[in-house]
Amino acid sequence: MTFGARFAAALADRGQFCVGIDPHSALLHDWGYDDDVAGLERFALGAVEAVAPYCSVVKPQSAFYERFGSKGIAVLERVIADSRAAGALVLLDVKRGDIGSTSQAYADAYLDPSSPLASDAITISPYLGFGSLLPFVDTARRYDAGLFVLAATSNKEGPEVQEAVTSEEFGGRTVASAMLDHLRELNSGATPLGSFGAVVGATIDGSGLDFDLNGPILAPGYGEQGGTSSDILRIFGASARNVAASSSRGVLRLGPDPVAMRDAVLRANDELRALLG
Numbered sequence: 198m199t200f201g202a203r204f205a206a207a208l209a210d211r212g213q214f215c216v217g218i219d220p221h222s223a224l225l226h227d228w229g230y231d232d233d234v235a236g237l238e239r240f241a242l243g244a245v246e247a248v249a250p251y252c253s254v255v256k257p258q259s260a261f262y263e264r265f266g267s268k269g270i271a272v273l274e275r276v277i278a279d280s281r282a283a284g285a286l287v288l289l290d291v292k293r294g295d296i297g298s299t300s301q302a303y304a305d306a307y308l309d310p311s312s313p314l315a316s317d318a319i320t321i322s323p324y325l326g327f328g329s330l331l332p333f334v335d336t337a338r339r340y341d342a343g344l345f346v347l348a349a350t351s352n353k354e355g356p357e358v359q360e361a362v363t364s365e366e367f368g369g370r371t372v373a374s375a376m377l378d379h380l381r382e383l384n385s386g387a388t389p390l391g392s393f394g395a396v397v398g399a400t401i402d403g404s405g406l407d408f409d410l411n412g413p414i415l416a417p418g419y420g421e422q423g424g425t426s427s428d429i430l431r432i433f434g435a436s437a438r439n440v441a442a443s444s445s446r447g448v449l450r451l452g453p454d455p456v457a458m459r460d461a462v463l464r465a466n467d468e469l470r471a472l473l474g
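First residue of the sequence shown? That's 198 in the working numbering, and the numbers climb one at a time after it.
Written as structure tokens, this is what we have:
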């Protein structure tokens, strides 16, 4: 199955809530663990055990593992493997972006099934030009993987780039609109859903942007950062059914209690289903 088909099936089966597994130093201490590799392992694998059987998508942020070097990456490999074994899709949040052979190397690292870091999908940055992403696109197609391209993020600095207007040569549209148009083209004709998605903040205004991508959408900022189910419907309209609403701290702050984390996932799925289902 293509990633788009797996994504659509996962959301239909398990709901639209995505949990970020982000081992912040402060969270490790809140759980009573030291900020070291042993604490990282206990935290990350405990979170996976609590939430991965109940959510459609798990999204580990690679930087929080990379900071511990090779031993941290080894923990990330287990997070990916254990999450997939529990039935969740893994969206590895790496936000890579480069050109040529370097882009290809990144794509091989995260999307080639022979890699220990192979995931169902990754986040990528298009700000060297969308064409720089073609090695990622080709590799994702080869292995039925997915991509989530930064388009309209909710950080306060984002509009400096994303709301800038391109020259007439490139359509005279905002950068965010250009990214969405490229994704729409990649997903054209795919059923039930294309594999090339957008990252769009759950707290943005959203006016003037067309989110009818025929593809998946990741909406970080849901829950603890202020995004609500009503915001998902307001921003995405008819495309809200293709949105994975993502939260990290809203679930992880309840740890290390696995029941509390599990129940938070189930409540979020029920809330999203009630409004968007």
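The beta carbon of each residue, even a glycine, is placed where N, CA and C say it ideally should be. Quick caveat, the model's predicted, so the values are computed rather than measured.
Between the C-alpha atoms of residue i and residue j, what's the straight-line distance to the nearest angstrom?
{"i": "T336", "j": "M198", "result": "15 Å"}
{"i": "F214", "j": "Y230", "result": "27 Å"}
{"i": "S259", "j": "S267", "result": "12 Å"}
{"i": "Y419", "j": "F345", "result": "17 Å"}
{"i": "T400", "j": "S445", "result": "15 Å"}
{"i": "R381", "j": "D409", "result": "7 Å"}
{"i": "D467", "j": "Y251", "result": "12 Å"}
{"i": "P477", "j": "V255", "result": "The structure shown does not extend to residue 477, since the chain spans only 198 to 474, so no value can be given for it."}
{"i": "F333", "j": "I277", "result": "19 Å"}
{"i": "E263", "j": "P455", "result": "25 Å"}
Is DSSP giving residue i helix, strand or coil here?
{"i": "F303", "result": "Going by the sequence as given, residue 303 is Tyr instead of Phe. If DSSP states are grouped into helix, strand and coil, Y303 belongs with the helices."}
{"i": "K292", "result": "strand"}
{"i": "K256", "result": "strand"}
{"i": "G386", "result": "coil"}
{"i": "A318", "result": "strand"}
{"i": "S443", "result": "strand"}
{"i": "F214", "result": "strand"}
{"i": "L410", "result": "coil"}
{"i": "F204", "result": "helix"}
{"i": "L308", "result": "helix"}
{"i": "L286", "result": "strand"}
{"i": "T371", "result": "strand"}
Beta-carbon within less than 7 Å of residue i's beta-carbon, same chain only, minus the 5 sequence neighbours each way: which residues are those?
{"i": "D407", "result": "L377"}
{"i": "D341", "result": "M198, T199 and F200"}
{"i": "R438", "result": "L473"}
{"i": "H221", "result": "F261"}
Spatial neighbours of residue i within its chain, please: C-beta separation below 6 Å, excluding the five flanking residues on both sides.
{"i": "R293", "result": "Y303 and I321"}
{"i": "T350", "result": "G398"}
{"i": "R239", "result": "Y230"}
{"i": "L208", "result": "S253"}
{"i": "D219", "result": "Q258, F261 and S445"}
{"i": "V248", "result": "V216, M458 and V462"}
{"i": "I393", "result": "It should be pointed out that residue 393 corresponds to Phe in this sequence rather than to Ile. Hits under 6 Å: L344, L380, L383, N384 and G412."}
Ignore the nearest five residues each way along the sequence and tell me which others in residue i's own chain have a CB closer than 8 Å to its CB.
{"i": "T363", "result": "G369, R370, T371, V372 and A375"}
{"i": "D305", "result": "S312 and T336"}
{"i": "V234", "result": "F265, K268, G269 and V272"}
{"i": "R450", "result": "L224, D227 and E421"}
Let's see if you can read the secondary structure: which residues bound the beta strand (DSSP E) around residue i?
{"i": "G417", "result": "What sits at residue 417 in the sequence shown is Pro, not Gly. Segment I414 to P417, the beta strand (DSSP E) holding P417."}
{"i": "L347", "result": "G343 to A349"}
On the DSSP letters alone, give me the boundaries of the alpha helix (DSSP H) that residue i sits inside.
{"i": "A241", "result": "V234 to V248"}
{"i": "G403", "result": "G403 -> no alpha helix (DSSP H), and no H or E assigned at all."}
{"i": "V276", "result": "S267 to A282"}
{"i": "F433", "result": "S426 to F433"}
{"i": "V396", "result": "Segment F393 to V397 is the beta strand (DSSP E) holding V396; no alpha helix (DSSP H) there."}
{"i": "M458", "result": "P455 to L473"}
{"i": "F333", "result": "L331 to Y340"}
{"i": "H226", "result": "S222 to D227"}
{"i": "P356", "result": "P356 to Q359"}
Say whether chain C places a C-beta atom closer than 8 Å to the C-beta of residue i.
{"i": "T425", "result": "Absent here is chain C; the protein component of the structure consists of one chain."}
- Please determine if the segment 382 to 389 and the segment 348 to 359 are in contact, where contact requires at least 3 C-beta pairs separated by less than 8 Å. no
- Query: Three or more C-beta pairs closer than 8 Å, one from the segment 398 to 415 and one from the segment 427 to 434: is that the case here?
  - Reply: yes
- Touching by the beta-carbon criterion (3+ pairs, under 8 Å), the segment 387 to 396 and the segment 419 to 429: no
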